[in-house]
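Data block below; observations after.
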Amino acid sequence: YSSISMASDDTDFVGEILIEGELNMKSALQVLQSNLNSIRAGRARPEMLDPITVTVYDGKKMSLKDLATISAPEARLLTLTVWDLQNVDIIVKALRDSNYHFNPQVNGTLIRIVIPHLTEERRLELGKQAKKYTDHCKVALRNVRKKCSDNLKALQKEKRISEDMVKQVMNKQVQKMLDKMMVEAEEKLEEKTKDILTV
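Per this note's numbering, the sequence shown starts with residue 32, numbered consecutively.
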């Protein structure tokens, strides 16, 4: 942030505000990604199973990718090669109980899941859901920008930075960061929508 001239202590404060802002924006995008992953599209993707967890031996919750190799050999087929035969039953139960209501077929340690076709109506519903998640993310991103602004104004009030500095940092850095993250959110939505509409 050397393009902005100010006392080094104050640079640290502004730098911290920017770092915190960026982390919070990235975190909002991660939440969006995980929400979008939870929406079942028409195409088989290993990350569809990310939200599903199982409770193993010592009561520890684990994700399916920690217990099996997951792949999508065909457009509408997922396979799980479970590493420990003991875990097959609990994984099958978790798949059946999930929001997707999968109907897994088991052969030893191999679990096959055929992804059913989505109706047109269901696709539209899922598209709306994806858009809703993205809108929530955008609100969260704008809230981070507001928090950055509030924190910078607090520094200004303490006479640590000038009003010009607040404007400069907000316009040049925070806004740029927000714009970039907004584009990323839109790209994630586009990708998911394409996924949902793939027959």
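All C-beta atoms in this analysis are idealised placements derived from N, C-alpha and C, irrespective of residue type, glycine included.
Assign isoleucine 227 to one of three DSSP states: helix, strand, or coil.
-> In the structure shown, isoleucine 227 sits in a helix (DSSP, three-state: H, G or I).
Quick one, are the C-beta atoms of leucine 116 and isoleucine 142 less than 8 Å apart?
-> Going by C-beta atoms, leucine 116 is not nearer than 8 Å to isoleucine 142.
From the DSSP output, in three-state form, read off methionine 37 for me.
-> For methionine 37, the predicted model reports a pLDDT of 46, less than 50, meaning its position is unreliable and no value from the coordinates is stated.
Close-in-space but distant-in-sequence residues of the same chain around threonine 224 (CB under 7 Å, 5 per side omitted) = Listed in chain order, the non-local C-beta contacts of threonine 224 below 7 Å within the same chain comprise Gly158 and Ala161, local neighbours out to five positions each way being set aside.
What separation, rounded to the nearest whole angstrom, lies between the Cα atoms of histidine 148 and asparagine 68?
-> For histidine 148 and asparagine 68, the gap between their C-alpha atoms comes out near 18 Å.
Where alanine 106 sits in the DSSP three-state scheme = For alanine 106, the secondary structure class from DSSP, reduced to helix, strand or coil, is coil.
Closer than 6 Å by C-beta to methionine 56: which residues in its own chain qualify, once you throw out the five before and the five after it? Chain order, please.
-> Within the same chain, Leu172, Val175 and Met212 come within 6 Å of methionine 56 by CB-CB distance, once the 5 residues on both sides are set aside.
What number of angstroms, rounded off, separates the C-alpha of serine 36 from the C-alpha of leucine 186?
-> Confidence at serine 36 is low in this model, with a pLDDT of 42, below 50, so its placement is unreliable and the value that follows should be read with caution. In a straight line, the C-alpha of serine 36 is about 15 Å away from that of leucine 186.
Using the C-alpha atoms, what's the distance from alanine 106 back to lysine 91?
-> Looking at the two C-alpha atoms, the distance is approximately 32 Å.
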